[in-house]
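Peer 1: Protein chains in written order, with the working numbering: chain S, 1244 to 1605; chain U, 1244 to 1605.
For each residue, glycine too, the CB sits at the ideal point set by N, CA and C.
What follows is a structure written as C-alpha cells; I'll ask about it next.
Number of protein chains: 2
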Amino acid sequence: MRGLTFHGNGDVRVEEVPDASIEQPTDAVVRVTMAAICGSDLHVLQSGEAFGFAPGARLGHEFIGVVEEVGSDVHTVSPGDRVAVAAGVSCGDCVYCQEGKRYACTRMSMFGWAPRLWRHGGDVQGGQSQFARVPLADSTLFRVPDEIASPERQATLLPLVDVMSTGWHGLISGGAGPGCDVAVIGDGAVGLSAVHCARAIGARSIICMGHHDDRLTLALRLGATHTVTTRNPDEIRELVREATDGHGAHVVVDTISSEASMQGAHAAVRAGGSIACLGMDHFKGQVPAINWYDQFVRNITVTGGLIPMGHYIPALMGLAARGEVDPAPMLTTRLGLDDAPEGYRMMAGRAPGVLKVALEFG
Amino acid sequence: MRGLTFHGNGDVRVEEVPDASIEQPTDAVVRVTMAAICGSDLHVLQSGEAFGFAPGARLGHEFIGVVEEVGSDVHTVSPGDRVAVAAGVSCGDCVYCQEGKRYACTRMSMFGWAPRLWRHGGDVQGGQSQFARVPLADSTLFRVPDEIASPERQATLLPLVDVMSTGWHGLISGGAGPGCDVAVIGDGAVGLSAVHCARAIGARSIICMGHHDDRLTLALRLGATHTVTTRNPDEIRELVREATDGHGAHVVVDTISSEASMQGAHAAVRAGGSIACLGMDHFKGQVPAINWYDQFVRNITVTGGLIPMGHYIPALMGLAARGEVDPAPMLTTRLGLDDAPEGYRMMAGRAPGVLKVALEFG
Chain S
1244 MRGLTFHGNG DVRVEEVPDA SIEQPTDAVV RVTMAAICGS DLHVLQSGEA FGFAPGARLG
1304 HEFIGVVEEV GSDVHTVSPG DRVAVAAGVS CGDCVYCQEG KRYACTRMSM FGWAPRLWRH
1364 GGDVQGGQSQ FARVPLADST LFRVPDEIAS PERQATLLPL VDVMSTGWHG LISGGAGPGC
1424 DVAVIGDGAV GLSAVHCARA IGARSIICMG HHDDRLTLAL RLGATHTVTT RNPDEIRELV
1484 REATDGHGAH VVVDTISSEA SMQGAHAAVR AGGSIACLGM DHFKGQVPAI NWYDQFVRNI
1544 TVTGGLIPMG HYIPALMGLA ARGEVDPAPM LTTRLGLDDA PEGYRMMAGR APGVLKVALE
1604 FG
Chain U
1244 MRGLTFHGNG DVRVEEVPDA SIEQPTDAVV RVTMAAICGS DLHVLQSGEA FGFAPGARLG
1304 HEFIGVVEEV GSDVHTVSPG DRVAVAAGVS CGDCVYCQEG KRYACTRMSM FGWAPRLWRH
1364 GGDVQGGQSQ FARVPLADST LFRVPDEIAS PERQATLLPL VDVMSTGWHG LISGGAGPGC
1424 DVAVIGDGAV GLSAVHCARA IGARSIICMG HHDDRLTLAL RLGATHTVTT RNPDEIRELV
1484 REATDGHGAH VVVDTISSEA SMQGAHAAVR AGGSIACLGM DHFKGQVPAI NWYDQFVRNI
1544 TVTGGLIPMG HYIPALMGLA ARGEVDPAPM LTTRLGLDDA PEGYRMMAGR APGVLKVALE
1604 FG
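In C-alpha cells form, the structure reads like this:
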C-alpha cells in the first residue's frame, strides 16, 4: 500500500509501505478514505528529527474511513462500517478514560507520532496512508451517524476527529455555555473550529483574533460576531470590552499559547473567566511572563492542554448530524494522496487561501 | 466605641474610634461579638504603609455579631438577628454576583482594607471593633441557622466568614467532589480549612503538607488522611502518589502560592487535575518558574484567586448546622479586644500552639 513517510526534516514522501494488519485481537484495520494535514504535522515536517521521528515513519493523525477488518476482540464496529478515527488512541477503561480524560489514558498513543512522545500504547503508524491499523478499536473508532455517513459528507466529518475536538476542548475546558462571550486567539483551523463550536454552544459574542483577511472572513461565516486584528494587548482589551458590554470574554481560547498570545488572552478575559491554552508553543520550554498578580486578583483560570478526542467525537458527530456544525469549509484544498508532500508545502508556506489540506483517497 | 487601628508598619492599637452608624439606607450596624485575626491582617501589620493604609484605619474582616440597627432599605435581617458577615462586601445584583463571582462585584469592598485596594464599594472600616457599619447588608449579612445561633457556637461560626470560605473556594474552584484525592499545601488556618472542607465534600485521600507538628496533628483531627513534611518536589510526587493509588491528587489547594509551593503543587497533581492558588505571594509580582510543558501535556488547570465569601457562606453554615464541619478547634487562642495587638504579635511570631487568635467581645 502507499503512505506518507518522513525522511528527515523538510522531507516527506509518498511511497510503498508495509500493509496495515491486525496485530492484536483489539485492533481493526481501516481503509482510509480521507485524511487531513494538521498544523502539528508541520512541526514534524520542520523538526521531526528532534522529536525522534525515524526515517520511514508514517505520519498523519486526522483521518476517517471504512472498517476493513477487525480483530477477534472488537465488538463495536464491523467491516464495512464508516468510522471516525480519534486522533489519539485510548482504552476507554482506565481511571483517566473513565473520568473523560483520555489524553492521560494509560495506553494512549497518537497516530503517526514519534515513539518517544505519547508512546504508552506502543508504536502506532500514521493515517495518511491507504490503510491504517487502529489499536483498541472499540474505544478509538466511532461509527458515523447515518446522516453524515456518505462519501459526500466526508468533509463535514473529517475535521471532527482532531481540529474540531480541539476547538471544542478549549470551550468545554474553559467552561463555555449558552450566552457567554468567547474570544478566540488565532485564525487557523483550530481557531475557526473554536469559533464554529462556540456558535453551536450558543455563545453570544464570538470574537476571532487573527491576521489573515481570508480566514477572518471565513470566521465570520462560521460564527464569529467580531474580528480583531491588533496584537496590542491594550487595544485587545478595549475592543473585546466593546464587544462584551464592557466586561471582557468569559472564555478565551488561545490557540497559539505563546507569551504574546497569553498576554493578549489576559487582556481579553473578564474577571472570573478562563483562558484555555491549546497551542504547542509551550513545548519550547519558556516560562511566559504573564501577570500573576492580575491572574490572581481577577480570578483567571488557566486550563486547556491535550485533547481527549474520543470523549468529544460522539457529541460532535451528533451536532454535525443535526446540522448544527458543518466545518467542511475549513478544508479549503483537496489533493490526492500522492500529492500530500505538496499539501505539506502549501500549508507550511501559508499559501494564500489554503487553510487546511484534505487528502482524498476514495 | 473601641476598635483596633493601624498606625504604621508594626504598630496596631486599640483605642477610641468614631461610632459606627448608618450612612446609606442599605447599611446595617452590627454589634461585633467575636472577630478573628487573619493571616492577611499580618501583611497589613508588617507592610500596611505600602498598601496605602492611613494612620487610624480600622482593621479586621473576619467577624460575626448581632444586628444592632438597619437602614430603611434593608430587608433580609433585623435588629437582634445573629449574623455572619461576609469578609467581602458585595451587592448580589451585578453581573458578577449573579454568576457567583462576588469577588468581582462592581461594588465590592473588603472590610478593613486600604482604600486603594478593593475599593469599588467605597471606604469600609474594619470589624475588629465593638461595632461595624456593614454596607449592602442584604447581600453581605447572613442570618445564622438556629442550630449554631448561640454565643456558645461562635467559634464554629466565625471561621466560616473568611478562612473556611477560602479553603472551600480552593476545593470548589478546583472541581473537588466525592471520592477525589486532595492535597493541601500549607498547614495554616486556610490549609486546615481546606482539609476540613475536603472531608465534608467526601474526598478520599486528604494529604496535608506542612512543617509544624502541632498543626499537622490538628490536620489529622480535622480530616487529613496523610501528612507530608518534605519541601522536595520529587519526594512530594512520590509521597502523594503513594497516597493516591499511584496517580497524584485530583485537586491541589496551594495556600502559599509561591514559586516553591507551585512547584510542589505540580509534583502533587495528577494529569487532568487542578491547582487552586489561594496565597498572596503572587502579590509580589514575580513570575513563578513553573514547568509550562508539564502543565500543558498533563492538562493541569491553574485556578483559585480571590474568594466570593458571600456565595459560599450559606452552604458552609448549613454544613456547620448539620455538624458536618466544625472548625472551632482552629481558633486556638482567645483574647479580649484590648489584647488584640498582643494577638497580632503572637500570630506574627508564630507562637507555639497559636494557629489563629479569636477576639471575644460579648
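(1) Quick one: which unbroken alpha helix (DSSP H) runs of 4-plus residues sit fully inside the segment 1475-1537 of chain U? Chain order, please.
(2) So, is residue 1301(S) buried or exposed, given that buried needs 16 or more other C-beta atoms within 10 angstroms?
(3) Please tell me whether residue 1544(S) has its Cβ less than 9 Å away from any Cβ of chain U.
(4) Starting from residue 1354(S), follow its DSSP beta bridges and name the residues at the other end.
(5) Report buried or exposed for residue 1297(U), applying the criterion of at least 16 other Cβ atoms within 10 angstroms of its Cβ.
(6) What is the DSSP secondary structure of residue 1296(S), reduced to helix, strand or coil?
(7) Tell whether a beta-carbon distance below 9 Å holds between residue 1319(S) and residue 1334(S).
(8) At 7 Å on the CB atoms, spell out the chain U contacts of residue 1340(S), in chain order.
(9) Are residue 1574(U) and residue 1394(U) touching if we call contact CB-CB under 9 Å?
(10) If you run the structure through DSSP and keep just helix, strand and coil, what is residue 1372(S)?
(11) DSSP beta-bridge partners for residue 1325(U)?
(12) Counting Cβ pairs, one atom from each stretch, are 3 or more of them under 8 Å apart for the segment 1469-1489 of chain U and the segment 1575-1592 of chain U?
(13) Please work out which residues of its chain come closer than 8 Å, Cβ to Cβ, to residue 1269(U), disregarding the five sequence neighbours upstream and downstream, and give them in chain order.
(14) So, under 8 Å CB-CB, residue 1547(U) and residue 1413(U) are touching, yes? Tell me the CB distance rounded to an integer number of Å.
(15) Give the residues of chain C in contact with residue 1532(S), contact being defined as C-beta atoms less than 8 Å apart.
(16) Which of the three DSSP states, helix, strand or coil, is assigned to residue 1577(S)?
(17) Return the Cβ separation of residue 1355(S) and residue 1303(S) in integer angstroms, given the expectation that the two are a contact with Cβ distance under 8 Å.
(18) If you measure beta-carbon to beta-carbon, which residues of the segment 1494-1515 of chain U are closer than 9 Å to chain S?
(19) Under three-state DSSP, which class holds residue 1304(U)?
(20) In terms of alpha-carbon separation, which member of 1514(U), 1515(U) and 1496(U) lies closest to residue 1508(U)?
(21) Residue 1246(U) to residue 1262(U), Cα distance in whole Å?
(22) CA-CA distance, residue 1555(U) and residue 1543(S)?
(23) For the beta strand (DSSP E) holding residue 1449(S), just list the boundary residues, first then last.
(24) Going along chain U, which residues have a C-beta under 8 Å from residue 1330(S)?
(25) Between the segment 1572-1589 of chain S and chain U, which residues of the former have a C-beta closer than 8 Å to a C-beta of the latter?
(26) Does residue 1544(U) come out as helix, strand or coil in the three-state DSSP assignment?
(27) Give the DSSP bridge partners of residue 1601(S), in chain order.
(28) Work out the CA separation of residue 1566(U) and residue 1248(U) for me, nearest whole Å.
(29) Find the residues of chain S that neighbour residue 1520(U), judging by a C-beta separation of less than 7 Å, and give them in chain order.
(30) Let me check one thing: in DSSP terms, what residues is residue 1248(U) bridge-paired to?
(31) DSSP state of residue 1466(S), grouped into three classes?
(32) Got a sec, what are the start and stop residues for the alpha helix (DSSP H) residue 1406(S) sits in?
(33) Hey, residue 1499(S) and residue 1409(S) are a contact pair by Cβ (cut 8 Å); roughly how many whole angstroms apart?
(34) Indicate the three-state DSSP secondary structure (helix, strand or coil) for residue 1556(U) in the structure shown.
(35) Please determine, among 1563(U), 1584(U), 1552(U) and 1539(U), the residue with the shortest C-alpha to C-alpha distance to residue 1384(U).
(36) Quick one, which of 1518(S), 1523(S) and 1531(S) has its alpha-carbon nearest residue 1502(S)'s?
Peer 2: Reading off the structure:
(1) 1476-1485 and 1502-1511
(2) buried
(3) yes
(4) DSSP lists no partner for residue 1354(S).
(5) exposed
(6) coil
(7) no
(8) In chain order: nothing, as chain U lies at least about 11 Å away.
(9) no
(10) strand
(11) 1309(U)
(12) no
(13) 1314, 1316, 1317, 1378, 1379, 1380 and 1381
(14) 6 Å
(15) Checking the listed chains, one finds no chain C in this structure; the protein chains it contains are S and U.
(16) strand
(17) 5 Å
(18) 1500, 1513, 1514 and 1515
(19) coil
(20) 1496(U)
(21) 10 Å
(22) 19 Å
(23) 1449-1452
(24) Simply none; closest approach about 15 Å.
(25) none
(26) strand
(27) 1279(S) and 1577(S)
(28) 36 Å
(29) 1539
(30) 1256(U) and 1301(U)
(31) coil
(32) 1406-1416
(33) No, residue 1499(S) and residue 1409(S) are not in contact; Cβ-Cβ is about 13 Å, not under 8 Å.
(34) helix
(35) 1552(U)
(36) 1531(S)
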